[in-house]
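Residues are numbered in my numbering as their position in the sequence shown, beginning at 1, plus a constant of 19. Accompanying notes for the structure given below.
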Amino acid sequence: MTLKQALSRAREILTANNIEDAPLEGEILLRHTLKISQVQLYLNLDRELNPKQEETFWHLIKRRLNGEPTAYIVGHREFYNLDFYVNRHVLIPRPESELLVEKALNLAQNHPVATIAEIGTGCGAVAISLALNLPQAKIYATDISATALNVALVNCQKHGVANRICLLHGDMLNPLPEPIDLIVANLPYVKQLELPNSASFEPLLALDGSSDGLEKIRQLCRQARDKLRPEGCLLLEIGQGQTMPVTTFLRGLYPSAKIEVAPDLSGIERVVSLRLTHHHPQC
């Protein structure tokens with residue numbers, strides 16, 4: 020079987036099993052099998068797979084059909100044009116979370132941001148993307164999962180920012196040693212009843228947002244009062260349909276703060292930003 024035939028057959032099988040982006044997924048798994056680049060793959064489409072390679076490739080396809088995400092099978096995922104190591108201890112970075120990075124960078128252009136904290140960092144994708152784009156900022160990254168922080172450390176070292184990001188083990192904002200200019204968080208916001216099929220592979224702790232999806236978000240919003248500096252900012256990733264309950268809750272906690280909502284590329288309202296104002300009472 021040639022590489023071209025293997026790609027074609029994999030696409031048919033994946034498509035028949037309702038796998039999104041079937042051509043891309045098949046290509047990624049074949050490249051992983053052969054340890055080659057995309058260019059090498061397309062320059063050698065007529066090359067024959069040996070029996071061992073065929074066996075390995077179809078085994079990977081079978082794992083994908085059983086619901087295991089491709090990123091876990093190959094051990095990495097791209098985010099914000101960077102490559103991150105991932106395993107089953109961390110959530111796979113989603114493209115919509117890149118909006119968190121963009122909003123944070125926009126804020127930093129217009130306001131002094133000396134300290135940033137990413138809460139629930141997982142593999143570290145957001146914190147590392149910020150560190151590489153804001154070399155002057157001091158960055159904390161917290162996670163309640165020690166195994167997730169091990170993955171984040173690998174990625175910090177991979178991208179040369181291990182001395183710039185302080186990884187902290189603990190719940191939410193509790194581990195932070197000082198007030199922060201900007202808090203960024205992609206917390207679990209999926210309702211228990213709506214957990215995706217991949218939840219059997221991805222860490223439940225990073226997905227399950229309780230019955231209404233907002234338990235962790237409410238907890239963070241309450242804690243932020245004691246951890247944000249005057250005129251500090253909070254950026255929250257939210258799920259579809261959560262804009263009203265989240266902004267209403269924030270308005271109740273911070274009546275004079277400036278609150279905005281930004282849509283992702285699909286038009287879903289995805290990031291809520293809150294900026295404390297001068298006369299906001301700091302408790």
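Here a beta-carbon is modelled for each residue, glycine too, at the ideal position from N, C-alpha and C.
If you draw a straight line from the Cα of Ala-281 to the Cα of Arg-28, it is about 41 Å long. When DSSP states are grouped into helix, strand and coil, His-178 belongs to the coil group. Boundaries for Ile-38: no beta strand (DSSP E) harbours it, and the DSSP string shows neither H nor E there. DSSP, read as helix, strand or coil, puts Ile-92 in helix. Just measuring C-alpha positions, the residue of Thr-52, Ile-80, Ala-123 sitting nearest Ser-292 is Ala-123.
The continuous stretches of alpha helix (DSSP H) do not include Cys-252, which lies in the beta strand (DSSP E) extending over residues 247 to 256.
Approximately 6 Å separates the beta-carbon atoms of Gln-72 and Leu-53; this is inside 8 Å, confirming the contact. Taking the Cα of Phe-98 as reference, the smallest distance to any Cα among Pro-194, Val-145, Arg-244 is reached at Val-145.
Taking Val-180 as the centre and dropping the five residues before and after it, the same chain places the C-beta of Ile-147, Ala-150, Leu-151 closer than 7 Å to its C-beta, in chain order.
Excluding five sequence positions before and after Glu-250, the CB atoms of its chain that fall closer than 6 Å to its own CB belong to Leu-295, given in chain order. In this structure Leu-101 touches His-178 by the C-beta definition: roughly 7 Å separates them, less than 8 Å. Within its own chain, the residues whose Cβ lies closer than 6 Å to the Cβ of Lys-277, once the five positions on either side in sequence are excluded, are Arg-294, listed in chain order. Judged by DSSP in its simplified three-state form, Phe-220 adopts coil rather than helix or strand. In the assembly as shown, Ser-56 is an exposed residue. Its beta-carbon has fewer than 16 other beta-carbons within 10 Å.
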